[in-house]
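Residues in the sequence shown are numbered consecutively from 1, following full-length UniProt numbering. One structure below.
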Amino acid sequence: MTLKTPLAEDRSAQEAVHEQQHETLKPRLTRERGTIQDRNARRSPLLRLPAELREQIWLYAFGSRAIHPRLYYAYAQTTNTRTTMRLCCSFASCKELFTDEEVNRQAIVVGSKRWMIAKTQALSTGTFIGSHSSCAKNSEMIYTIVPGVCKQIYYEAVPIAWKTCTFTFDSDIDFQHFFKSSIIPFDLITKLSIVLNNKKRRLGWQIGLEKSGLIAQLESLKGLNIVQVHAYGRTPSVMHLADSFKQFRLREDQVTVTAYPFSNPHEGRMSDLEERVREHLFNTKDVQQRI
């Protein structure tokens with residue numbers, strides 16, 4: 001028999017009240033949404049279109065993008081003497097000229113060294129294609145995954161964005177914060193990109209991937225891009241990352257691995273390391289000893 005403390009009983013009572021209030025609000029919220037849609041259909045030529053056509057428009061406008069979830073702090077003045085702080089996410093579009101898939105594919109087809117040199121001429125000094133170096137944080141701008149200008153557009157477009165966008169992480173801090181959020185529909189996410197930089201060695205990736213177990217929430221994950229920047233000949237960190245993603249049913253045609261050498265990324269890629277990482281991802285046997 002389990003004895004409940006007064007505090008536990010109080011919390012249980014509060015949760016019951018919240019659930020009852022939520023159930024009471026459900027019919028009203030449904031009616032309100034239906035009323036909004038009816039009114040929009042009368043007034044808006046866009047929202048008057050068939051649902052299937054609207055979905056294609058939302059996909060074109062908000063979906064199939066690479067997005068960087070960024071950590072930012074939101075401050076709120078609750079009283080005259082107290083200010084509270086919340087950790088929030090901003091969803092900034094990736095600034096890379098090419099997606100991680102395009103970089104991987106074109107470098108193989110055209111030839112990594114020749115393609116890399118040709119494409120990097122258009123970039124500023126110190127950056128190169130696929131490194132996400134140009135995707136620096138911008139603390140002054142906060143982006144939503146879908147603009148909240150219209151309730152109907154928002155509710156229709158948000159699931160499409162979560163299902164089709166590639167969520168790209170080049171910061172272990174942003175990665176940890178993202179997976180600790182209680183409002184993100186992790187079950188809808190189908191693709192991730194992870195950018196590891198050996199010049200910025202941090203334990204956050206290991207904590208976020210191995211110790212917390214939070215990525216298990218990605219029930220629909222099918223695609224993964226791994227970008228290893230400034231890689232050494234022996235790079236165990238990328239193998240540890242691959243271990244964490246073995247639990248998912250990844251599709252081989254939606255997985256890319258791109259590794260750039262530490263000495264000079266412009267010289268090309270480390271094809272041997274890329275092949276070993278892919279083999280490690282799709283092989284249940286431990287091939288760590290080959291590295």
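We treat Cβ as the ideally placed atom computed from N, Cα and C, and that holds for glycine. Nothing here was measured: the structure is a model prediction, and the numbers come from that model.
Note the first and the last residue of the continuous beta strand (DSSP E) segment covering residue i.
| i | result |
| --- | --- |
| R226 | The sequence given here has Ile at residue 226, not Arg. Element bounds for I226: G223 to A231. |
| Y143 | Segment: none, Y143 is in no beta strand (DSSP E) and carries neither H nor E. |
| A61 | A61 -> not in any beta strand (DSSP E); alpha helix (DSSP H) instead, spanning A51 to F62. |
| P261 | V255 to P261 |
Provide the residue span of the alpha helix (DSSP H) that contains residue i, from first to last.
| i | result |
| --- | --- |
| K151 | K151 to T164 |
| H280 | S271 to F282 |
When the distance is taken between beta carbons, is residue j closer than 8 Å to residue i?
| i | j | result |
| --- | --- | --- |
| Y260 | A242 | no |
| H68 | T190 | no |
| N40 | Q152 | yes |
| N225 | E102 | no |
| P205 | F175 | Per the sequence shown, the amino acid found at residue 205 is Trp instead of Pro. Yes. Within cutoff. |
| R65 | C89 | no |
| L196 | S237 | yes |
| F179 | I145 | no |
Can you check DSSP and say which residues form a bridge with residue i?
| i | result |
| --- | --- |
| T168 | S193 |
| P69 | F91 |
Within a Cβ cutoff of 6 Å, which residues of the same chain sit near residue i, ignoring the five residues on either side of it in sequence?
| i | result |
| --- | --- |
| M270 | A231, A259 and P261 |
| E219 | D187 |
| Y143 | S90, F91 and A92 |
| T166 | A66, K191 and S193 |
| H240 | none |
| S131 | V229 |
| T217 | Here the sequence assigns Gln to residue 217, which means Thr is not the residue at that position. The answer, listed in chain order, is F186. |
Who are the Cβ neighbours of residue i in its own chain at under 7 Å, not counting the five residues just before and after it?
| i | result |
| --- | --- |
| K246 | L281 |
| W58 | E156, A157 and I160 |
| Y154 | V146 and G148 |
Can you name, in chain order, every residue of its own chain whose Cβ lies under 8 Å from the Cβ of residue i, other than the five neighbours on each side?
| i | result |
| --- | --- |
| R54 | L46, L47 and E156 |
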